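According to mature numbering (1 follows the signal peptide of the UniProt record, and there is no 0), the sequence shown holds residues -20 to -1, 1 to 614 in order. Everything on this sheet refers to the single structure shown next.
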Amino acid sequence: MRVWPVLLILLLQFVEPSHGQTKSQQNNTGFQCSGRSYPCQAYAFYRAQSQFLDLASIGDLFQVSRLMIANPSNISSNSVSSPLILNQQLFIPLTCSCNSINTTFGSISYANISYTIKPNDTFYLVSTNKFENLTTYPSVEVVNPNLVATNLQIGDNAIFPVFCKCPDKNTTVSNTRANYMISYVVQPSDNLSSIASRFGSQQKAITDVNGNKFNVYDTIFVPVTKLPVLSQPNTSTAAAPSPTPAGSSDDRAGTVRGLAIGLGIAGLLLMVVCAVWMYRESVLKGRMWAGRDEEEQRQKEGRVFSGGGDGKGSKPMDVKLMANVSDCLDKYRVFGIEELVEATDAFSDSCLIQGSVYKGTIDGETYAIKKMKWNAYEELKILQKVNHGNLVKLEGFCIDSEEGNCYLVYEYVENGSLNWWLHEEEGKNKEKLNWKTRVRIGIDIANGLQYIHEHTRPRVVHKDIKSSNILLDSNMRAKIANFGLAKSGMNAITMHIVGTQGYIAPEYLADGVVSTKMDVFSFGVVLLELISGREAIDEEGNLLWMSAMKTFEGVSSDQEKGRRVREWMDKAILRDTISMDSLLGVLGIAIACLHKEPSKRPSIVDVVYALCKSDDAGFETSEDGIGSPKVTAR
């Protein structure tokens, strides 16, 4: 009997799981950040599998849109809704960031992917199967210290850190600086030469980044100057029939008889199908004409909703909106109007959060429900292609043709707006934000802006960044909300000026110029609010950003600048032990963002980097934006 355990061990040594993790991969909790190029655009190489055979489900897993996968993967926009084939090759876009966690590594680089635990999920199964070893269960445990791996509950939200890296100035391919790093999981059939050939890289470039040794199912990083063009299958092309084997004349005769019988049956079936189709078309045509007659009768009776009057009766579906909504049906939940009415007590004032946004609970889940007239096309178009942890997530929508309303259903963000925390009267259980929390909020906002500015095509401009549009979750992490004024595309000119006084960039107010730099300006005002605790415009109409410019512009002495900032800052911050370098650093970033010339404001990428370093160094400002960090004695 003792021979069986020995045989079992020998058998297991020869059995190789399809998505297993080797011992070295299991012990891997992440990769250290290197260089100063974070955050950056990165890509993961992914193969379609049986449970993810469409771009929508893969997009949901990685929190990106279908088009964001289709474009780098060489899939035409006309095919984004088509099913994939097993093992079809894809490039998944990642926002790669440097993250500080409680580990001996200090800061590690990964893309922050949120995942909701489902039945039978474990950290190991999700990381090996769904994410195909692009992360590891030890790393998932490290970045989710509040979750117990052996006691996961359905509905728990976990972060799965998909491994990635950013190239620095020393990362080259054929003496050309690399623009991207591709996260790739080594397969049993791979070797260094085949990997380099697959991605148009070099063996030396790969070993320079990863070292000379890596194991099967390890994640490695392949530097490339540009993404290779993936060869995609033509799913519309039918397979060619196999040639008929040679045989005896009896075989040929039998084949001919079989073919004749088959053609006869096929012809009969074709006649039946044609008859059914003709019958169906006649029925649908009759219904269409009956519906048209009924609609004409309604118009004669004056009961069709036209945007005025009492708003009762039916409204013909807005073709432009419905065409866009149809593309969302597989991505978002479609709520019934009855559900929303019940959830909000018929949209009573007791459920009103702010403006036209209501709090409602459906199936035990709390949502923020935004009620709009029939003008949600632009906002919905924007929301389809954004998905980031620092943006309020769209959960679903509802169209009520009876009332001519559209409802957007968002995740509910527990702690309300930043404006409330900074400016409203202190209420029960409300405490002033400490400096560390304020800096973290600033970084979160900047990360959200970086995503819409740098990782959407065409780029998205929010156009209404302000403290009341920044929401704080249960962990006081910030999320950008309200894309009602957002615009896809930039450097446009508009005569219709919208926004909130005190946050509007001068060039937009004067000339109607729409660009990402107008969001950078508004963000600078929010940073001033975080530092000073003052509102963007006071009761006398004085602008906060103009006050800051008058107070700090032209002051070169750190001592004088420190004296002025202590007089100007929110006194609640003084209760904490904070670094003056950190305070001056964030102030310097804010001043740089407020430059009157848009071209001289820093990009949001520069802002993110500078804010992440603000706890360690001050920053000088110049006409060109944010300068090099200046380390000073504390």
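Just so you know, even glycine gets a beta-carbon here, dropped at the ideal spot from N, CA and C. These numbers were taken from a predicted model, which means no experiment stands behind them.
Secondary structure of residue i, DSSP reduced to three states
i: Asn192; result: coil
i: Glu411; result: coil
i: Ile38; result: helix
i: Ser594; result: coil
i: Leu114; result: coil
i: Pro141; result: strand
i: Pro73; result: strand
i: Gly340; result: strand
i: Glu121; result: helix
i: Ala129; result: helix
i: Lys98; result: coil
i: Leu332; result: strand
i: Glu345; result: strand
i: Val419; result: helix
i: Tyr26; result: strand
i: Arg46; result: helix
i: Asn92; result: strand
i: Asn51; result: coil
i: Phe103; result: helix
i: Ser14; result: coil
i: Ile245; result: helix
i: Ile511; result: helix
Residue environment, residue i, which counts as buried when at least 16 other CB atoms sit within 10 Å
i: Asn137; result: exposed
i: Thr108; result: buried
i: Asn462; result: buried
i: Asn67; result: exposed
i: Arg418; result: buried
i: Pro99; result: exposed
i: Ser594; result: buried
i: Ala303; result: Bear in mind that a pLDDT of 48 at Ala303, under 50, signals an unreliable position, so the number given afterwards is only what the model happens to contain. Its Cβ having fewer than 16 others within 10 Å, Ala303 is exposed.
i: Ala485; result: buried
i: Pro147; result: buried
i: Thr199; result: buried
i: Glu509; result: buried
i: Ser228; result: The pLDDT assigned to Ser228 is 43, lower than 50, so where the model puts this residue is not dependable; a value taken from the coordinates is nonetheless given after this. Exposed, by the Cβ-count rule.
i: Leu243; result: exposed
Residues of its chain near residue i, where Cβ-Cβ distance is below 6 Å and the 5 sequence neighbours each way are ignored
i: Glu487; result: Val493 and Pro578
i: Val448; result: The amino acid at residue 448 is misidentified as Val; the sequence shows Ser. Around Ser448: Ser397 and Asn399.
i: Val445; result: Before going further, note that residue 445 is Ile rather than Val in the sequence given. Hits under 6 Å: Asp499, Ser502 and Phe503.
i: Gln31; result: none
i: Ala516; result: Gly482, Tyr483, Val505 and Leu524
i: Ile342; result: Glu319 and Ala323
i: Thr151; result: Ala158 and Pro203
i: Gly469; result: Pro438
i: Ile421; result: Ala458
i: Val535; result: Lys541
Under 7 Å between C-beta atoms of residue i and residue j
i: Tyr392; j: Thr346; result: yes
i: Thr324; j: Gly344; result: no
i: Ala466; j: Val440; result: yes
i: Cys76; j: Ala24; result: no
i: Tyr160; j: Val204; result: yes
i: Arg544; j: Thr531; result: yes
i: Gln69; j: Leu210; result: yes
i: Phe327; j: Gly376; result: no
i: Ile49; j: Leu35; result: yes
i: Trp401; j: Ile558; result: no
i: Val153; j: Ser181; result: yes
i: Tyr390; j: Val372; result: yes
i: Ser89; j: Phe140; result: no
i: Thr9; j: Ser119; result: yes
i: Ser454; j: Glu404; result: no
i: Pro213; j: Phe179; result: no
i: Gln430; j: Val321; result: no
i: Asn113; j: Tyr197; result: yes
i: Tyr104; j: Tyr95; result: no
Cβ neighbours of residue i in the same chain (closer than 7 Å, five flanking residues each side left out)
i: Pro41; result: Contrary to the premise, residue 41 reads as Leu rather than Pro in this sequence. Same-chain partners within the cutoff: Phe32 and Lys110.
i: Gln183; result: Leu172, Ser173 and Ala176
i: Ile97; result: Leu132, Gln133, Ile134, Gly135, Asp136 and Ala138
i: Arg514; result: Leu524
i: Asn190; result: Ile200 and Phe201
Chain-order list of residues whose beta-carbon lies under 8 Å from that of residue i (same chain, five-residue window excluded)
i: Glu533; result: Ile571
i: Asp424; result: Asn370, Arg457, Ala458 and Lys459
request  = Starting from the N-terminal side, write out each stretch of the beta strand (DSSP E) that is 3 residues or longer and does not extend beyond the stretch 422 to 508.
outcome  = 450 to 452 and 458 to 460
message = Going residue by residue through the stretch 361 to 400, where are the continuous beta strand (DSSP E) segments of at least 3 residues, counting only ones entirely within it?
response = 374 to 380 and 385 to 391
Segments of 4+ residues assigned as alpha helix (DSSP H) that fall wholly inside the stretch 524 to 595 = 524 to 532, 538 to 548, 560 to 573 and 584 to 592
Minimum length 3: unbroken beta strand (DSSP E) runs contained in the stretch 149 to 205 = 160 to 165 and 199 to 204
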